Every structure is written in C-alpha cells, then in structure tokens.
Amino acid sequence: MPRLHHALDDLQLRRWVAAKEPLSRADGDGLTFTLSEFGTATWVLRYSRGPRRREITLGNYPDMGLAEARKRARALRVQVDDGKDPASDKKVEKARARKAMTVDQLCDDYIDKRFGILSKSTTVLYAALIDGVLRPKLGSLNVETVTPADVVYMIENCGRPWSVCSTMLVLLRTVFGHAVSRRQIDFNPATGIDLKSVLGDPPPKRKRVMLLKDEMTVLLTDIDKLMGRTNGLMFRILLATCVRSIELITAEKDLVDLEYGSWRVRAEATKTKQEFLVPLAPLVIEWFRELIALSGDSKWLCPARAKTKGAGHVSRTVLRDAVKKAFDERGLDIRRFTPHDTRSTAKGHLRNMGFSREISEIALNHKLKGIEGVYDVREEIPERRAAMEAWARFIAECSDGYAPESGKSTNVVQFKPRRAA
40 MPRLHHALDD LQLRRWVAAK EPLSRADGDG LTFTLSEFGT ATWVLRYSRG
90 PRRREITLGN YPDMGLAEAR KRARALRVQV DDGKDPASDK KVEKARARKA
140 MTVDQLCDDY IDKRFGILSK STTVLYAALI DGVLRPKLGS LNVETVTPAD
190 VVYMIENCGR PWSVCSTMLV LLRTVFGHAV SRRQIDFNPA TGIDLKSVLG
240 DPPPKRKRVM LLKDEMTVLL TDIDKLMGRT NGLMFRILLA TCVRSIELIT
290 AEKDLVDLEY GSWRVRAEAT KTKQEFLVPL APLVIEWFRE LIALSGDSKW
340 LCPARAKTKG AGHVSRTVLR DAVKKAFDER GLDIRRFTPH DTRSTAKGHL
390 RNMGFSREIS EIALNHKLKG IEGVYDVREE IPERRAAMEA WARFIAECSD
440 GYAPESGKST NVVQFKPRRA A
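Position one of the sequence shown corresponds to residue 40 (our numbering), numbered consecutively onward.
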C-alpha cells in the first residue's frame, strides 16, 4: 500500500502553537499533531490492530521536532507491520516501571517478610551486612539492573574477612532469591559465584579449643579479677550451661525458674529456631541469683551497662571483649580461646566423664539426627540434668579446689575443702 505524503511543516506547527487553539492534524501514516486547550502540543501515532484503533504518545512539541516525530513514527510502524502492538507494550513497560524496586526497597521488603523466620543472632548479623555493605554499594540500583559483575565487585571491595564475605554471599543469594520469588527478576545475580574464584582459598579454619583442667583452674580461680564480677558470673553461667553467647546475652529474667532449677531459651534466640529448657545445677542457680540481683529492675538478665544504650540487653561482644582484655591487659597465661570455646570445652569434658555422645549433643542443644531427633521431643531430660550437674561440679573443682557432694561423680580427683586461715 502506498504511503501518504507528509501534510505538515514547521511553519504551520509554530503558527498553531502561537494561536493556542485546540486542534488535531494528521501528517500521514497515522502520525498526528494535537494541541490541547491548555496549550500542550503532542505527537501521537494512530494505528489499527485488527478491528481496534490504537494510539501511542511519542512526545511533546517542540521538545520533539517534526523530523524526529516522523522518524519515531516510522520505527513504530515497522513494529506494527511485524504484528506488534507498541501501545500495549508501552503500558506493560509503565506497569513494570511502577512495580520496579531498588535494592534498598528490596532489602526493606526482605527484612519485613523474611526476618521473622530467622534466629535473632542471624537477623543481627544480616542487618549489619545489609546496612554496612549491601545498601551502600548497590542500594540505589534497580534490582533488575544488578548483574553478577556488580555482586563480584561488591564482595571484592567490601573490605570484610573471607568468612564474612562467605556469609555475605549467602545473604545476597537469599535477598535476590526473594526478588525472583516476587517476579521482580528472572535470574538471581548472586548464583553461580564461587567465593574461591573471587577471593582465593579461605584461610585455615581456627580449631576449636578444649580448655584442660589446669587451664580452667588458672582461669576460674581468678576470673573476677580478670573480667570483673558481672562478666565473671556471665562467663561461669555460659560455661556451665553450654549455651551460645547470644542465648545468654538475650536471656530474660522471667524465663529463669530458680525454684525448679531451669532456664527457658526462646526459639528466636537460638540458632536452631527451637525453644529449649536448660537444667540448672544448684551452684549455677546461685550464680543466676546473683546476676539477677545485679540486673536491677531490667527485664534482661544481662542489661546494657551504658545509659546511652537504653533499656536493652548488654552488647553481644561483652564477653569476647572481656576475654581479650584478660589476655592483653590482665596477664592471663593459658591458651587463647573465645567465649564460643566454652561449648567445645564442655563437650570434651562431658565425653571424658563418660557421658554419651547423644547426651553431650543434647547438652549443647544440637539437633539429634535421624529418627531419634524426630521422636525425642522431651523438654525435661533427666540424663541432661545429670550431665549438667556433673559438669557444674567439675567447674567448682576448678574454681574452688573441691566439688559439692550432691549428684553424680565427675570421675576426677577430688580436693579437700580449703580451711580458713
């Protein structure tokens, strides 16, 4: 079909705009110049898709001149001739643009919808990485524009240790996987990235430390001088209960039953996302009693110590910092260890005392594997309480030179009580 000749020229357009009278004039091939009653001049392409008449706005005049409007109209006409519908495509693009997310917005949505299923320690770690790395590096980008190269660049330049970058990569896969589930993107840009190819081989993993009895004796006999009374009580409880530091730091006093001798740890504070009951030996109950007295009217067993921190719990690094200070400034002379090594210390000594692998795993609140882990849903486990009482007596031996007479033997050499001078 022959194309119509062009009917408009620049002089006409300028006159119409100057006259400010509403009109609509065709240039040919569906290209139309319109002038609204408000004086807005617009280029519109009109075409047919089957029985339906369609139109698409190309731009405003004089921002888009006559020559540019004709060029744009020809390009869209080619699409129409190929069976496409530019007007519908534009509506889809606009809809997608309205639903588009920046990485900042994606992070907010992920935190709002997914943080609830994570443990408290994981949410604290992920929040720190999101706010400290992900938002500053990629936050302003639209999610659909993020590429694997962006992810690699961010990891290479975030300045974090290898282990933290490994966690960061897991977080990125999860966050962008959330975007895939929302159909914001079709491909997760964090998949298929091997951290070894980006940062090289990881440094050797630090081996867990099992403090020997003589090391525990050196530490525990002077622990209040090395760490202070409050930190000393926290460390004793951490060691005796086999919990993780974050579980102690976030403990609430109303979950501690001193009469029954138990402490309930909420699911949101645990790594396994399972609530559990910690049996408390008589000696440990006394440590809890003193720590509760020191906490004042706070709901937290270990409240924040600086007034500027409000009514929250103590910093999650308080015991780590106290142990480091004991080595660096107070002259503690044993092998270096971290608060998390209290768990490996307890595990090793419980096994040496003759407690089974299963009971030692339960003491550390590890999930039991296989059918045993499915059907053994007890909260109060007598075998665990016996193990915890034996472990507390062993700690007492290291602290005071003797063990209380109640409960199961620790299978270690007993010392006679100290006599008053």
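Idealized CB from N, CA, C, for every residue including glycine. Note that the coordinates shown come from a computational prediction; the quantities given were computed from them, not determined experimentally.
Beta-carbon separation (whole angstroms), residue i vs residue j, contact threshold 8 Å
{"i": "Ser160", "j": "Ile262", "result": "Between Ile262 and Ser160 the Cβ distance is about 25 Å, and since that is not below 8 Å, they are no contact."}
{"i": "Leu371", "j": "Leu265", "result": "6 Å"}
{"i": "Pro241", "j": "Trp302", "result": "Incorrect: roughly 36 Å between the Cβ atoms, too far for contact."}
{"i": "Thr384", "j": "Leu164", "result": "With a Cβ gap of about 24 Å, Thr384 and Leu164 do not count as contacting."}
Burial state of residue i, where buried means 16 or more other Cβ atoms lie within 10 Å
{"i": "His388", "result": "buried"}
{"i": "Pro318", "result": "buried"}
{"i": "Pro456", "result": "Note that Pro456 scores a pLDDT of 33, beneath 50, so its modelled location is shaky and nothing firm can be said."}
{"i": "Gln51", "result": "exposed"}
{"i": "Ile156", "result": "exposed"}
{"i": "Ile410", "result": "Because Ile410 carries a pLDDT of 48, less than 50, the predicted location of this residue cannot be relied on, and no value is offered for it."}
{"i": "Tyr414", "result": "Confidence at Tyr414 is low in this model, with a pLDDT of 47, below 50, so its placement is unreliable and no value can be given for it."}
{"i": "Thr347", "result": "For Thr347, the predicted structure reports a pLDDT of 48, less than 50, and the residue's modelled location is therefore unreliable. The matter cannot be settled from this model."}
{"i": "Pro378", "result": "buried"}
{"i": "Glu436", "result": "buried"}
Beta-carbon proximity of residue i to residue j, cut-off 8 Å
{"i": "Ala27", "j": "Glu428", "result": "The question about residue 27 has no answer here: the residues shown for the chain are numbered 40 through 460."}
{"i": "Pro61", "j": "Glu76", "result": "yes"}
{"i": "Val489", "j": "Leu145", "result": "No statement about residue 489 is possible, as the shown extent of the chain runs from 40 to 460 and does not include it."}
{"i": "Asp225", "j": "Arg174", "result": "no"}
{"i": "Leu234", "j": "Leu272", "result": "no"}
{"i": "Leu74", "j": "Arg109", "result": "no"}
{"i": "Arg359", "j": "Val353", "result": "no"}
{"i": "Ala65", "j": "Arg93", "result": "no"}
{"i": "Asp380", "j": "Val248", "result": "yes"}
{"i": "Glu254", "j": "Arg374", "result": "yes"}
First through last residue of the beta strand (DSSP E) which encompasses residue i
{"i": "Val331", "result": "Residue 331 is actually Ile in this sequence, not Val. Per DSSP, Ile331 belongs to no beta strand (DSSP E); it is in the alpha helix (DSSP H), 321-333."}
{"i": "Asp66", "result": "62-67"}
{"i": "Tyr100", "result": "91-100"}
{"i": "Trp302", "result": "301-304"}
{"i": "Val317", "result": "315-318"}
Backbone secondary structure at residue i - three-state DSSP
{"i": "Leu358", "result": "helix"}
{"i": "Thr347", "result": "With a pLDDT of 48 at Thr347, under the threshold of 50, the modelled position of that residue is not reliable, and the figure given next carries that caveat. Three-state DSSP puts Thr347 in a helix."}
{"i": "Glu400", "result": "helix"}
{"i": "Thr230", "result": "coil"}
{"i": "Ile410", "result": "With a pLDDT of 48 at Ile410, under the threshold of 50, the modelled position of that residue is not reliable, and the figure given next carries that caveat. DSSP places Ile410 in helix when its eight states are reduced to three."}
{"i": "Asp367", "result": "helix"}
{"i": "His45", "result": "coil"}
{"i": "Val461", "result": "The structure shown does not extend to residue 461, since the chain is modelled only from 40 through 460, so no value can be given for it."}
{"i": "Phe72", "result": "strand"}
Opening and closing residue of the alpha helix (DSSP H) in which residue i lies
{"i": "Phe215", "result": "201-220"}
{"i": "Val282", "result": "Premise fails: Val282 is in no alpha helix (DSSP H) and is neither H nor E."}
{"i": "Val56", "result": "49-58"}
{"i": "Ser179", "result": "First-last for Ser179: undefined, no H or E at that position."}
{"i": "Val117", "result": "105-120"}
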